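Contents: one structure, followed by commentary.
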Amino acid sequence: MEKFTRLTSVAAALPQENVDTDQIIPARFLKTIRRTGLGKHLFAGQRYDAEGNENPDFVLNKPAYRKAGILITLDNLGCGSSREHAPWALLDFGIRCVIAPSFADIFYNNCFKNGILPIRLPREQCLALMDDASHGENARLTVDLEKQEIHRPDGEVISFEMDPFRRQVLLEGLDDVAQTLKNHEQAIRAFEARPSRAWVPSTKQAGRPQSVIGGGGEQV
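Sequential numbering of the sequence shown, starting at 1, is according to full-length UniProt numbering.
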């Protein structure tokens with residue numbers, strides 16, 4: 001997956017609590033196992049009306065935020081079901097960082113697995129960043145994962161905490177498969193290189209013939 005080191009972007013504010021995964025990507029769009037193409041359905045219930053027309057009042061439909069790379073919300077982002085399509089939809093839209101006071105655990109974990117940086121901040125700081133975001137393209141935020149800092153347009157720097165392992169995973173762009181290969185590639189190659197005959201099932205166990213059930217149900 002794409003590495004995350006430093007991101008400078010317009011931020012979109014969604015001042016709502018308990019934004020669940022069905023709001024992020026409604027269930028009717030979960031018929032695919034592809035990670036692409038879901039961005040157009042992100043927050044579909046709020047972005048579009050019943051006829052499929054854009055809601056001009058929704059933040060992501062406003063010209064200044066159509067290419068937002070950061071989303072700021074309030075408590076308990078990503079609650080509800082465990083669908084991984086939620087971070088897929090965010091990423092496909094172009095959002096690489098989500099900021100909130102708290103996250104649902106499974107959603108939080110899924111963000112790291114898909115190259116999205118979830119940052120926990122106190123509610124007061126989230127509200128301050130939302131105020132920055134209200135200025136649109138005139139106020140960009142910079143998120144520096146290496147330094148674990150958020151730089152506000154006025155020059156203030158907000159520090160955030162991050163688990164060292166998760167931080168490194170994003171910095172290196174490692175999903176679960178890439179992590180496995182990084183740590184165990186030599187062992188995997190050695191296993192694959194072993195002669196196939198070593199894995200042929202034996203017809204004997206401990207030197208004794210196996211019992212075989214014949215077609216008539218009798219042991220032979």
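Virtual Cβ for every residue (Gly too), placed ideally from N, Cα, C. Just so it is clear, the structure is predicted and the values come from calculations on it, not from any experiment.
Exercise. Cα separation between GLU17 and PRO195?
Worked result: Counting from one through the sequence shown, the residue named residue 17 turns up at place 17. Counting from one through the sequence shown, the residue named residue 195 turns up at place 195. Taking the straight line joining both Cα atoms gives about 57 Å.
Exercise. Is ALA104 helix, strand or coil by DSSP?
Worked result: Locating residue 104 in the sequence shown gives position 104, counting from the first residue. ALA104 falls in the coil class under three-state DSSP.
Problem set entry | Three-way DSSP call (helix, strand, coil) for GLU137 in this model | Here the question's residue 137 lines up with position 137 in the sequence shown. Three-state DSSP puts GLU137 in a helix.
Exercise. Can you check whether the CB of ARG120 is closer than 8 Å to the CB of SER102?
Worked result: Counted from its first residue, the sequence shown places residue 102 at position 102. Counted from its first residue, the sequence shown places residue 120 at position 120. Yes, Cβ-Cβ distance for SER102 and ARG120 is below 8 Å.
Problem set entry | 7 Å CB neighbourhood of ALA64 in its chain, flanking five on each side removed | Residue mapping note: residue 64 aligns to position 64 of the sequence shown, counting from 1. Around ALA64: VAL10, GLY136 and GLU137.
Problem set entry | Cβ-based burial, ALA13 [other Cβ within 10 Å; buried from 16] | Your numbering for residue 13 matches position 13 in the sequence shown. By the neighbour-count definition (other C-beta atoms within 10 Å, threshold 16), ALA13 is a buried residue.
Exercise. Between the stretch 40-50 and the stretch 151-162, are three or more C-beta pairs nearer than 8 Å?
Worked result: Contact between the stretch 40-50 and the stretch 151-162 is not established, with fewer than three Cβ pairs separated by less than 8 Å.
Exercise. Does the Cβ-Cβ distance between GLY78 and THR21 come in under 8 Å?
Worked result: If you number the sequence shown from 1, residue 78 lands on position 78. If you number the sequence shown from 1, residue 21 lands on position 21. Contact flag set, yes.
Problem set entry | Straight-line gap, ASN110 to HIS85 (C-alpha atoms, nearest Å) | The count along the sequence shown starts at 1 and reaches residue 110 at position 110. The count along the sequence shown starts at 1 and reaches residue 85 at position 85. Spanning the two alpha carbons is a distance of roughly 9 Å.
Exercise. For GLY37, which option in ARG47, ASP75, ARG96 and ILE25 has the closest C-alpha, if you only look at C-alpha atoms?
Worked result: Taking the first residue of the sequence shown as 1, we reach residue 37 at position 37. GLY37 has its Cα closest to that of ILE25, out of ARG47, ASP75, ARG96 and ILE25.
Exercise. How many Å lie between ASP57 and ARG189 at the Cα?
Worked result: Here residue 57 refers to the residue found at position 57 when the sequence shown is read from its first residue. Here residue 189 refers to the residue found at position 189 when the sequence shown is read from its first residue. So the two alpha carbons sit approximately 55 Å from each other.
For this session: Could you check how far apart the C-beta atoms of PHE191 and LEU117 are, in whole angstroms? I think they sit under 8 Å.
Result: The sequence position of residue 191 within the sequence shown is 191, counting from 1. The sequence position of residue 117 within the sequence shown is 117, counting from 1. That pair is no contact at about 34 Å.
Exercise. Helix, strand or coil: which one does DSSP assign to VAL59?
Worked result: As a working mapping, residue 59 is identified with position 59 in the sequence shown. In the structure shown, VAL59 sits in a helix (DSSP, three-state: H, G or I).
Exercise. Under 8 Å between the Cβ atoms of VAL19 and ILE70?
Worked result: One-based indexing of the sequence shown puts residue 19 at position 19. One-based indexing of the sequence shown puts residue 70 at position 70. No, these two residues do not count as a Cβ contact at 8 Å.
For this session: Indicate whether at least one CB of chain D lies closer than 8 Å to the CB of PHE107.
Result: Of the chains in the structure shown, none is chain D; there is only one protein chain.
Exercise. Among the residues of its own chain, which have a CB less than 6 Å from the CB of LEU129, if the five just before and after it don't count?
Worked result: The count along the sequence shown starts at 1 and reaches residue 129 at position 129. Excluding sequence neighbours, LEU129 sits near ILE72.
For this session: Look up GLY217 in the DSSP assignment and say whether it is helix, strand or coil.
Result: The residue given as residue 217 occupies position 217 in the sequence shown. Note that GLY217 scores a pLDDT of 46, beneath 50, so its modelled location is shaky and nothing firm can be said.
For this session: Spatial neighbours of ARG140 within its chain, please: CB distance less than 7 Å, with the 5 preceding and 5 following residues excluded, ordered by chain position.
Result: What you label residue 140 is simply residue 140 of the sequence shown in a count that begins at 1. A distance below 7 Å between beta-carbons, with the five flanking residues on each side excluded, links ARG140 to the following residues of its chain, in chain order: THR8, SER9, VAL10 and PRO153.
Problem set entry | Straight-line Cα distance separating GLN186 from GLU124 | Here residue 124 is taken as the residue at index 124 of the sequence shown, counted from 1. Here residue 186 is taken as the residue at index 186 of the sequence shown, counted from 1. Looking at the two C-alpha atoms, the distance is approximately 48 Å.
For this session: State the start and end residues of the unbroken beta strand (DSSP E) segment that holds GLU149.
Result: As a working note, residue 149 is residue 149 in the sequence shown. Counting along the chain, the beta strand (DSSP E) containing GLU149 begins and ends at 149-151.
Exercise. Looking at LEU170 and PHE112, is the spacing between their C-beta atoms short of 8 Å?
Worked result: Taking the sequence shown and counting its residues from 1, one reaches residue 112 at position 112. Taking the sequence shown and counting its residues from 1, one reaches residue 170 at position 170. Closer than 8 Å, so yes.
For this session: Return the residue from the list ASP92, ALA100 and CYS97 that minimises the CA-CA distance to ARG35.
Result: Residue numbering aside, residue 35 sits at position 35 when the sequence shown is read from its first letter. Taking only the C-alpha atoms, the option nearest ARG35 is ASP92.
Problem set entry | Neighbourhood of MET1 by C-beta distance below 6 Å, restricted to the same chain and skipping five residues each side | By one-based count along the sequence shown, residue 1 stands at place 1. Taken in chain order, the residues that qualify are GLY115, GLY173 and ASP175.
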